[in-house]
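S.K.: For the sequence shown, the working numbering gives the first residue as 2, with consecutive numbering after it.
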Amino acid sequence: MTNKDVTKEYRKRLAALAAQQTGKAANFEVLPDGDHTWPAENPADVTLKGMAALRYRQILDAIQKLDSGVYGICADCGGAIDKERLEIIPEATSCVDCQRLNERKARADIDMREESSFDQLM
Ligand SMILES: [Zn+2]
Numbered sequence: 002m003t004n005k006d007v008t009k010e011y012r013k014r015l016a017a018l019a020a021q022q023t024g025k026a027a028n029f030e031v032l033p034d035g036d037h038t039w040p041a042e043n044p045a046d047v048t049l050k051g052m053a054a055l056r057y058r059q060i061l062d063a064i065q066k067l068d069s070g071v072y073g074i075c076a077d078c079g080g081a082i083d084k085e086r087l088e089i090i091p092e093a094t095s096c097v098d099c100q101r102l103n104e105r106k107a108r109a110d111i112d113m114r115e116e117s118s119f120d121q122l123m
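(1) State the DSSP-derived secondary structure class of residue 39, mapped to helix, strand or coil.
(2) Figure out for me which residue from 9, 91, 102, 110 has the closest Cα to the Cα of residue 78.
(3) For ligand 1, is there a heavy atom less than 8 Å away from the beta-carbon of residue 80?
(4) Taking just the CA atoms, how far does residue 17 sit from residue 73?
(5) Compare the C-alpha of residue 11 against each of 107, 50, 85 and name the closest.
(6) Do you know how far the Cα of residue 61 is from the Cα of residue 35?
(7) Using 8 Å as the cut-off, classify the Cβ of residue 128 as near or not near the heavy atoms of ligand 1, replying yes or no.
(8) Quick check on residue 15: buried or exposed, where buried means 16 or more other Cβ atoms within 10 Å of its Cβ?
(9) How many Å lie between residue 53 and residue 76 at the Cα?
(10) In or out: residue 93 buried (at least 16 other Cβ within 10 Å) or exposed?
(11) Mapping the DSSP letters down to three states, classify residue 90 as helix, strand or coil.
(12) On the criterion of 16 or more Cβ atoms from any shown chain inside 10 Å, does residue 65 qualify as buried, or is it exposed?
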């Protein structure tokens, strides 16, 4: 495959993902009675909706990156994202190393928040 073919292939996959994601997002928004508010106050549902919205934005970002020729470049370290990773997650914005680091940081943030709320209880 030439580079152009690869770009075309990813664009096709990303466009399909975007369509899938908007379909999901629409389902979240529209209630059976036609009301357009979020159906439940369930935090898990809200998280799901937020994740779908985030993923959709990442997919659009990836398409934009394809257009500007910077697709597959890690947003954090500027290195190349593994082809294998892009095969699985075409909208990935960072390489495996940075992703792992980010996840570790996010978890540390949560730990710190839990500790501080624990302190407040004492
Ligand atoms: Zn990186």
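All C-beta atoms in this analysis are idealised placements derived from N, C-alpha and C, irrespective of residue type, glycine included.
M.R.: The structure says:
(1) A caution first: residue 39 carries a pLDDT of 45, below 50, which makes its placement in the model too unreliable to give a value.
(2) Ranking 9, 91, 102, 110 by Cα distance to residue 78 puts 102 first.
(3) Remark: the shortest separation between the CB of residue 80 and any heavy atom of ligand 1 falls under 8 Å.
(4) If I take the Cα positions, the gap works out to 18 Å.
(5) Nearest of 107, 50, 85 to residue 11, Cα basis: 85.
(6) Note that residue 35 scores 49 on pLDDT, short of 50, meaning its location in the model is unreliable; the coordinates nonetheless yield the value given after this. Computed Cα separation, rounded: 28 Å.
(7) Missing from the structure shown is residue 128; the chain here goes from 2 to 123 and no further.
(8) With at least 16 other beta carbons inside 10 angstroms of its own, residue 15 counts as buried.
(9) Just so you know, the alpha carbons of residue 53 and residue 76 end up roughly 20 Å apart.
(10) Residue burial is scored here from C-beta neighbours: residue 93 has at least 16 other C-beta atoms within 10 angstroms and is therefore classed as buried.
(11) Shown here, residue 90 sits in coil according to DSSP, grouped into three states, outside any helix or strand.
(12) When all chains shown are included, residue 65 counts as exposed.
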